[in-house]
Amino acid sequence: MTRNDRRAAPPSPRQLHFCPRVLCGAGVLAELPGVLEPTNKYLLVTDEGISTAGLAKLVCDLIAARGIRHEVFDRVCVDPDVAIVEEAVAFAHETACTAVIGLGGGSSLDAAKAVATRLAWPNSLAEYGRGMEVPVPIAPLVAIPTTAGTGSEATRVAVITDREQNEKMAIRGDALLPQLAVLDPDLLTTLPPRVAAECGADALTHAIEACVSKQASAWTDMLALAAIRSIGEYLPRLVSDPADAEAAEEMLLAANFAGQAFTHAGLGLVHSLGEPLGAFHHTSHGLSCALFLPVVMEYNLAAASPGYSRIAAALGENLEGMTIEGAATASVASVRRLFASVGLPASYREANIDFVLRSDMVDQVFPQYSTSCNPRHPKREDVVRLFESLDSNPA
Ligand SMILES: [Fe+2]
């Protein structure tokens, strides 16, 4: 690039919110029993796939060997809703569980956060979903991700679906930061390639949206750009071989950094568009990120060229002699190439989505916090155009 691409003065963050303890590395799960509180009885919150893959038993056998009392709730579904959380809470009460371990992808970790919230406080999830901050403390909470995507173990938010309103509620508060996160790449070895790719698209979207957010800071830039560098390098390796321990560990860390970045900086339009697409067309969250990220980047380019030029550099683009605007444009092509290289679709047709645009899908974009963080504030016709652009996008 031909001139300095930094903002004049990146602001400092006003507050930092952390998960206080992270165990990271191959085999680190073995250390879990030694750091659990033996007077607690733990409810392992997970899904059937994790149980079938033997990962729930792996955790249970480890903690049982050290005399840690526990129960298993493995009925978490994709996009967990209020009913499944309340079912888990009732089971926890019946079995006298006092603490929670979330094991799985973002759905299980978010459900675990919601269960720990409801074990501690009487308010309904709908009250928190309407903006009431979750008070400190909730029940003791451990997060063990088995995908490299949501970074939920690093965030102060959980997403729970309200089936009656056909929308997702974000519940928020520092209380939702787990007391302990375990990032063990050995837990990713059975990850199907498509799941690894979609989760990687989610993590990359978190990092890119945090990097160009109106709430970005020097702190979040550092985390987001580190995540983008790692995802560009290691996502193709993880998708081609989930047993690649180095790639899995780097991707787990990248997802965690991206989670820390967006929990401080917020997200953007990719997430605002993805929620109604998921609600009305049952599209997975990672797939909606893969579809919308390139088109939203194109839409935002003029409003955040310096940020996108730094993203291009982090993705390894050769920017020699380019203007900031040229480098920013290169970031979009770079993301498209990365997604194509891991088999992610670039249009509704490729994603087998029979797309119909409803006006309430457009309505749902505007009240979201993510929309307020996006570097460019969209008009209604912009949102319509963004939804419809994937009808014909050949890239
Ligand atoms: Fe996301």
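Each residue of the sequence shown is one higher than the last, beginning at 1 in the numbering used here.
The beta-carbon is built from N, C-alpha and C at its ideal position, and this holds for glycine as well.
Distance cut-off 7 Å: T150 Cβ against heavy atoms of ligand 1 = Locating residue 150 in the sequence shown gives position 150, counting from the first residue. It does: the Cβ of T150 is within 7 Å (strictly closer) of some heavy atom of ligand 1.
Where the beta strand (DSSP E) through V182 begins and ends = Position 182 of the sequence shown, counted from the first residue, corresponds to residue 182. First-last of the beta strand (DSSP E) with V182: 180-183.
key: Straight-line Cα distance separating D202 from T263   = Within the sequence shown, numbered from 1, the residue matching residue 263 stands at position 263. Within the sequence shown, numbered from 1, the residue matching residue 202 stands at position 202. When rounded, the distance between both Cα atoms is 14 Å.
Close-in-space but distant-in-sequence residues of the same chain around R385 (CB under 6 Å, 5 per side omitted) = Position 385 of the sequence shown, counted from the start, is the residue given in the question as residue 385. The answer is none, since no qualifying residue turns up.
Neighbourhood of L188 by C-beta, 6 Å cutoff - its chain only, sequence neighbours within 5 removed = Position 188 of the sequence shown holds residue 188. Cβ neighbours of L188 beyond the five flanking positions: P242, A248.
Continuous beta strand (DSSP E) stretch holding K168: start and end = Numbered from its first residue, the sequence shown carries residue 168 at position 168. Run containing K168: 167-172, per the beta strand (DSSP E) assignment.
query = Among residues of its own chain, excluding the 5 on either side of V89, which ones have a beta-carbon nearer than 6 Å to its beta-carbon?
reply = Taking the first residue of the sequence shown as 1, we reach residue 89 at position 89. V115, R118, listed in sequence order.
request  = Along the beta strand (DSSP E) that carries A143, what are the first and last residues, could you check?
outcome  = Within the sequence shown, residue 143 is the residue found at index 143, counting from 1. Run containing A143: 141-145, per the beta strand (DSSP E) assignment.
inquiry  = With three or more C-beta pairs closer than 8 Å as the rule, is the region 146-157 touching the region 118-129?
reply    = no
request  = Report all residues from its chain with a CB closer than 6 Å to the CB of P145; omit the five preceding and five following residues, and keep chain order.
outcome  = As a working note, residue 145 is residue 145 in the sequence shown. Within the same chain, P145 has close Cβ partners E153.
ask   = Which residues share a DSSP beta bridge with F366?
value = The residue labelled residue 366 in the question sits at position 366 within the sequence shown. DSSP lists no partner for F366.
task = Using three-state DSSP, classify I101 as helix, strand or coil.
result = The residue you call residue 101 lines up with position 101 of the sequence shown. Of the three classes helix, strand and coil, the one that applies to I101 here is strand, per DSSP.
request  = Quick one: residues in its chain with C-beta nearer than 7 Å to the C-beta of R7, no 5 flanking neighbours on either side, listed in chain order?
outcome  = Position 7 of the sequence shown holds residue 7. Bear in mind that a pLDDT of 39 at R7, under 50, signals an unreliable position, so the model cannot answer this.
message = Quick check: the Cα distance between A313 and R194, rounded to an integer number of angstroms?
response = As a first step, residue 313 is located in the sequence shown; it is residue number 313 there, counting from the start. As a first step, residue 194 is located in the sequence shown; it is residue number 194 there, counting from the start. C-alpha separation (whole angstroms): 26 Å.
Inter-residue Cα distance where the pair is G25 and L252 = The residue labelled residue 25 in the question sits at position 25 within the sequence shown. The residue labelled residue 252 in the question sits at position 252 within the sequence shown. Taking the straight line joining both Cα atoms gives about 10 Å.
Check: C289 C-beta below 7 Å from any heavy atom of ligand 1 = Indexing the sequence shown from 1 puts residue 289 at position 289. Result yes, Cβ under 7 Å from ligand 1.
key: CB contact check: A88 to chain C, cutoff 8 Å   = Of the chains in the structure shown, none is chain C; there is only one protein chain.
ask   = Excluding five sequence neighbours on each side, which residues of the same chain lie with their C-beta closer than 8 Å to the C-beta of P33?
value = Counted from its first residue, the sequence shown places residue 33 at position 33. Cβ neighbours of P33 beyond the five flanking positions: L62, I63, A65, R66, I68.
ask   = For the beta strand (DSSP E) that H70 lies in, which residues bound it at each end?
value = Indexing the sequence shown from 1 puts residue 70 at position 70. It spans 70-73 - the beta strand (DSSP E) in which H70 sits, taken as one unbroken run.
key: Beta-carbon contacts of W121 that lie in its chain and below 8 Å, excluding the five residues immediately before and after   = For the purposes of this step, residue 121 is taken as the residue at position 121 of the sequence shown. Around W121: V134, P135, I138.
key: Length of the line joining the Cα atoms of A227 and A254   = Reading the sequence shown from its first residue, position 227 is the one you call residue 227. Reading the sequence shown from its first residue, position 254 is the one you call residue 254. Roughly 4 Å between the two C-alpha positions.
Secondary structure, alpha helix (DSSP H): runs of 4+ residues fully inside the region 343-391 = 359-365, 369-373, 380-389
request  = Keeping to the same chain, check which residues put their C-beta closer than 6 Å to that of E275; ignore five residues upstream and five downstream.
outcome  = Taking the first residue of the sequence shown as position 1, residue 275 is located at position 275. The answer, listed in chain order, is K168.
query = N300: which of S331, P375, S347, A245 sits nearest, CA to CA?
reply = As a first step, residue 300 is located in the sequence shown; it is residue number 300 there, counting from the start. When only C-alpha atoms are compared, the closest one is P375.
query = Whose C-beta lies closer than 6 Å to the C-beta of L183 among residues of the same chain, with five residues either side of it excluded?
reply = Here residue 183 refers to the residue found at position 183 of the sequence shown. Closer than 6 Å at the Cβ level, and outside the excluded window around L183, lie C24, L252.
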